[in-house]
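Just so you know, the UniProt record's numbering puts 351 at position 351 of the sequence shown, and the rest follows in order with no gaps. Yeah, the Cβ is synthetic: ideal placement off N, Cα and C, and Gly gets one too.
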Amino acid sequence: MTATIDDPRVIEFDVRTDEMLVNMGPQHPSTHGVLRLVLRTDGEIVSEVTPHIGYLHRCAEKIGENLTPRQWIPYTDRMDYLAGMNMNLGWSLAVEKLMKYEPPEKGRHLRVIISEMGRIASHLVGMGAYGLDLGTFSPFLYAFREREKILDLFEEACGARLTYSYLTVGGATADLPPGWLHKCSAFLDQFEPLIAEYHTLLTTNAIFVKRAAGIGIMSPEMAIDYGTSGPVLRGSGVDHDLRRDGEEIYTAMYDGYAFEVIVEKNGHYPKDHIYPQIPSEAVLGDCWHRFYVRMLEVIQAIDLVRQGIEYYSTATGSYGEPVKLNQKLPVGEAYLETEAPRGQMGFYLVSDGSPIPWRVRARSSSFCNLSVTGPLCAGCLIADVPAIVGSLDIVMGEIDR
1 MTATIDDPRV IEFDVRTDEM LVNMGPQHPS THGVLRLVLR TDGEIVSEVT
51 PHIGYLHRCA EKIGENLTPR QWIPYTDRMD YLAGMNMNLG WSLAVEKLMK
101 YEPPEKGRHL RVIISEMGRI ASHLVGMGAY GLDLGTFSPF LYAFREREKI
151 LDLFEEACGA RLTYSYLTVG GATADLPPGW LHKCSAFLDQ FEPLIAEYHT
201 LLTTNAIFVK RAAGIGIMSP EMAIDYGTSG PVLRGSGVDH DLRRDGEEIY
251 TAMYDGYAFE VIVEKNGHYP KDHIYPQIPS EAVLGDCWHR FYVRMLEVIQ
301 AIDLVRQGIE YYSTATGSYG EPVKLNQKLP VGEAYLETEA PRGQMGFYLV
351 SDGSPIPWRV RARSSSFCNL SVTGPLCAGC LIADVPAIVG SLDIVMGEID
401 R
């Protein structure tokens, strides 16, 4: 006679497993660079995750104490190398805050256009790479197809496709070339309808929802306690965006621009566009919501760029010529944070009155966002670790510097 599962003679055995320490990285495709994660596992269950950083440290801040602010601009490109324009902007504004310099109106709108195009390009990489993390290759190709067109526009404006050194102290290295605004508008018109394809490929894809929804849930309190920012913070329902809530020297850049912070309030996201519905499996603060915030910020950035093109077209005067290479700095200190694609990127400098800063420091958004990896991964499966780390969208060049 064959025993059934309900038969009292059937005895269940718990398979004994040994606790293991497993290295994930620093040469792992899902660690987004040279990040090493040490996983303490019991079978498939992860009990502890410890990030090890520093494999990409290049002494960037110390180098900044031996160069003038304009000479250090190329080093900011190489921090968050997927959002070089936004890094350029953050450092330039910090120096301008120390110098009490106000860029001209035309330069202000140029900066909005360029930095928001940089946000789109950065989020496209985040979207495509997250698809790779979860085992699908097609979204990566779709994302890079459109990102290449943004890089074409950047190349036409400044001659570079990755490390731009375009936005600088005083304004920009050059004005936008003739016909650039028309090409940018044409790209936005062509690009916006394609976002529905991205939502089909990932956002509403049943497999993607199962892999991301309800995984790595970060409460608003945890997000604030760990100092997270950007889409990671807003994905937990915290209504904070430095473009609206930051210091005046930064928020003034967006004066006259209409935009809503992408965050879930009262059970829904902004209703300025038609967005995909939130799946029932998703929980506020999980991997799916962090990804969703970035996808909605792409549409938000498109709106901001269109407004910037309109303002820039009617603005008169200079685009903001760079300050002298050996311009002496006022004695004092300045710190400023800006809303980069991955969160609050801060720059700090102290001047003794010479052209070269006495101290230079950077505050990385990705560093704080990565610090929450341990508690997020506690109790998850090994296969969920790439989903959680990928949803944080870190860049190691910004963390290690």
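Does DSSP classify Gly397 as helix, strand or coil?
Translated into positions along the sequence shown, residue 397 becomes position 397. Gly397: helix per DSSP, three-state reduction.
C-alpha distance - Ala258 paired with Leu304, whole-angstrom precision:
Within the sequence shown, the letter at position 258 stands for residue 258. Within the sequence shown, the letter at position 304 stands for residue 304. Cα-Cα distance, rounded: 8 angstroms.
Report back the beta-carbon spacing between Arg244 and His123 to the nearest angstrom; my notes put them in contact at under 8 angstroms.
Start at 1 with the first residue of the sequence shown, and residue 244 comes out as number 244. Start at 1 with the first residue of the sequence shown, and residue 123 comes out as number 123. Rounded to the nearest angstrom, the Cβ distance from Arg244 to His123 is 19 angstroms, too far for a contact under 8 angstroms.
Whose CA, out of Ala129, Arg36, Lys328 and Tyr101, lies closest to the CA of Gln27?
Working through the sequence shown from its first residue, we reach residue 27 at position 27. Out of Ala129, Arg36, Lys328 and Tyr101, Arg36 has the C-alpha closest to the C-alpha of Gln27.
With H, G and I counted as helix, E and B as strand and the rest as coil, what does DSSP make of Met218?
Within the sequence shown, numbered from 1, the residue matching residue 218 stands at position 218. DSSP places Met218 in coil when its eight states are reduced to three.
Comparing C-alpha positions only, which one of His109, Gly285, Gly346 and Ala186 sits nearest to Pro231?
Counting from one through the sequence shown, the residue named residue 231 turns up at place 231. Minimum Cα distance to Pro231 is reached at Gly285.
If you compare alpha carbons, which of Lys324, Leu325, Asn326 and Gly346 is closest to Ala334?
Counting from one through the sequence shown, the residue named residue 334 turns up at place 334. Per the Cα distances, Gly346.
Of the residues Pro139, Val385, Arg361 and Ser391, the one placed nearest Glu398, counting alpha carbons only:
Your numbering for residue 398 matches position 398 in the sequence shown. Closest in alpha carbon position to Glu398, among Pro139, Val385, Arg361 and Ser391, is Arg361.
Starting from His182, trace the alpha helix (DSSP H) both ways and give me its first and last residue.
One-based indexing of the sequence shown puts residue 182 at position 182. His182 -> alpha helix (DSSP H) spans Trp180 to Phe191.
Counting only runs of 3+ residues fully inside the segment 272-360, write out the beta strand (DSSP E) ranges in chain order.
332-340 and 343-351
Express the C-alpha separation of Ser115 and Gly320 in angstroms, rounding to a whole number.
Translated into the one-based positions of the sequence shown, residue 320 becomes position 320. Translated into the one-based positions of the sequence shown, residue 115 becomes position 115. Taking the straight line from one Cα to the other gives about 15 angstroms.
With a 10 Å radius around its C-beta and 16 neighbouring C-beta atoms as the bar for buried, classify Asp352 as buried or exposed.
Here residue 352 refers to the residue found at position 352 when the sequence shown is read from its first residue. Exposed, because fewer than 16 other Cβ atoms sit within 10 Å of the Cβ of Asp352.
Can you check DSSP and say which residues form a bridge with Asn23?
Locating residue 23 in the sequence shown gives position 23, where the first residue counts as 1. Looking at the DSSP assignment, Asn23 forms a beta bridge with Val38.
8 angstroms Cβ shell around Ser185 - same chain, five flanking residues per side excluded:
Numbered from 1 along the sequence shown, position 185 holds the residue referred to as residue 185. These residues qualify, in order along the chain: Arg306 and Ile309.
Would you grab the beta carbon distance between Asp400 and Gly84 for me? Rounded to a whole angstrom, and I think it's under 8 angstroms.
Reading the sequence shown from its first residue, position 400 is the one you call residue 400. Reading the sequence shown from its first residue, position 84 is the one you call residue 84. Going by Cβ atoms, the distance from Asp400 to Gly84 rounds to 16 angstroms, so no, they are not a contact pair.
Beta-carbon gap between Thr173 and Cys158 smaller than 8 angstroms:
Stepping through the sequence shown from its first residue, residue 173 is reached at position 173. Stepping through the sequence shown from its first residue, residue 158 is reached at position 158. Contact flag set, yes.
Look up His123 in the DSSP assignment and say whether it is helix, strand or coil.
What you label residue 123 is simply residue 123 of the sequence shown in a count that begins at 1. In this structure, His123 counts as helix in the three-state DSSP scheme.
Within 10 angstroms of the Cβ of Thr316, are there 16 or more other Cβ atoms? Answer buried if so, exposed if not.
Here residue 316 is taken as the residue at index 316 of the sequence shown, counted from 1. Label assigned to Thr316: exposed.
Simplified DSSP state of Glu197, which is helix, strand or coil
In the sequence shown, counting from the first residue as 1, residue 197 sits at position 197. Three-state result, Glu197: helix.
Can you give the beta carbon distance from Arg70 to Pro322, rounded, assuming they're within the 8 angstroms contact cut?
Within the sequence shown, residue 70 is the residue found at index 70, counting from 1. Within the sequence shown, residue 322 is the residue found at index 322, counting from 1. Yes, they are in contact, since the Cβ atoms of Arg70 and Pro322 sit about 6 angstroms apart, within 8 angstroms.
Contiguous alpha helix (DSSP H) assignments of at least 4 residues, all confined to the segment 43-78:
60-64 and 69-77
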